[in-house]
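Each remark here refers to the structure printed beneath this line.
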Amino acid sequence: MCGGYSFPMDELAADRVKAYARDCIGYAAITAGTVPLGIVAHARGWGRRRGFVMAMSAVPPAVATLFATWQEREHGATRGKRHYDLVVLDRSLAPAGYGRLLLRNTVKIGLPWQLGHVVAVGAAFGGFEDRDRLTWSAALVTYPLIGAIMASVLFGKGRALPDRLAGTQVAKSPVQGIRRSLVGSPWRRKSPPGAPA
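Start counting the sequence shown at 170; every next residue gets the next number (my numbering).
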């Protein structure tokens, strides 16, 4: 309650948070996959080059963003969302296109993750002490952005900040066990459960 107004939590919020936590396990695996390159980079001294470290840090967020986009386009949702019978649709309740999904996942995954890397890499290279503009700017943007995304997931009625920017929404599928029913990618060949014929 704030100023006489209440802000009820969205009914999908808990499932969305748990779904994202499941997806993050896969994203962590993507990061782990870059460890061998990191070992080589350290051995050859590339790790002393800020530009190289920054470029390397962008690989996991980019791969995770593209992977999530592919899953949502091919199967209607990421693996985590499918576990909780959630689907990603456009505003007309039809499967969202690649463009919308790529924008959605860039705002949701790629941008916050890489901004965090910019802050971490900048800090490691003395960016805060040197008053580096990129480091400070990223630090000032990262946490408010993450906060805004989380608040919109909790109270956004199925349309978090990334969804609002991309013209998408998350809905509960009326078909239970969607993670099984979508095996083989029938999402591309027919309308999603609950969508108009």
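Note that CB positions come from ideal geometry on N, CA and C, so glycine has one too.
All figures in this text were calculated on a predicted structure; none of them were measured in a lab.
Close beta carbons around residue i, own chain, < 7 Å, minus the five adjacent residues each side
i, result
"A371", "It is not possible to answer for residue 371, since the shown part of the chain is limited to 170 through 366."
"D301", "G291"
Residue i burial status per 10 Å Cβ neighbour count (16 or more: buried)
i, result
"R213", "exposed"
"S226", "buried"
"V209", "exposed"
"V204", "exposed"
"A183", "exposed"
"G202", "exposed"
CA-to-CA distance, residue j to residue i, given in whole angstroms
i, j, result
"P177", "L323", "9 Å"
"G220", "P281", "19 Å"
"L314", "V228", "21 Å"
"G316", "H244", "28 Å"
"D179", "S342", "16 Å"
"M319", "E298", "30 Å"
"S354", "A197", "Only weak support exists for where S354 lies, its pLDDT of 49 falling under 50; the coordinates are left without a value."
"L334", "W305", "25 Å"
"Q283", "G325", "24 Å"
"A224", "D254", "36 Å"
"L309", "H211", "30 Å"
Which listed residue (the options) has its alpha carbon closest to that of residue i
i, options, result
"G336", "A183, V276 and R218", "V276"
"Y189", "R333, F297 and T234", "T234"
"G291", "G325, A320 and V222", "V222"
"I199", "G285, A289, A329 and F236", "F236"
"L303", "A293, V288 and Y312", "V288"
"R242", "E298, W305 and R273", "R273"
"G249", "G195, L330, S321 and A329", "G195"
"R217", "A293, G325, W305 and L334", "A293"
Anticipated Cβ contact below 8 Å, residue i with residue j, distance rounded
i, j, result
"A307", "V256", "Not really, about 33 Å apart at Cβ, beyond 8 Å."
"T247", "D192", "5 Å"
"G327", "L206", "Rounded, the Cβ-Cβ distance is 39 Å, inconsistent with contact."
"T311", "G285", "6 Å"
Close beta carbons around residue i, own chain, < 8 Å, minus the five adjacent residues each side
i, result
"D259", "A265, G266, R269, G336, T337 and Q338"
"Q240", "A246, T247 and R248"
Neighbourhood of residue i by C-beta distance below 6 Å, restricted to the same chain and skipping five residues each side
i, result
"V186", "none"
"L271", "T238"
"L330", "A317, I318 and S321"
"W215", "F221"
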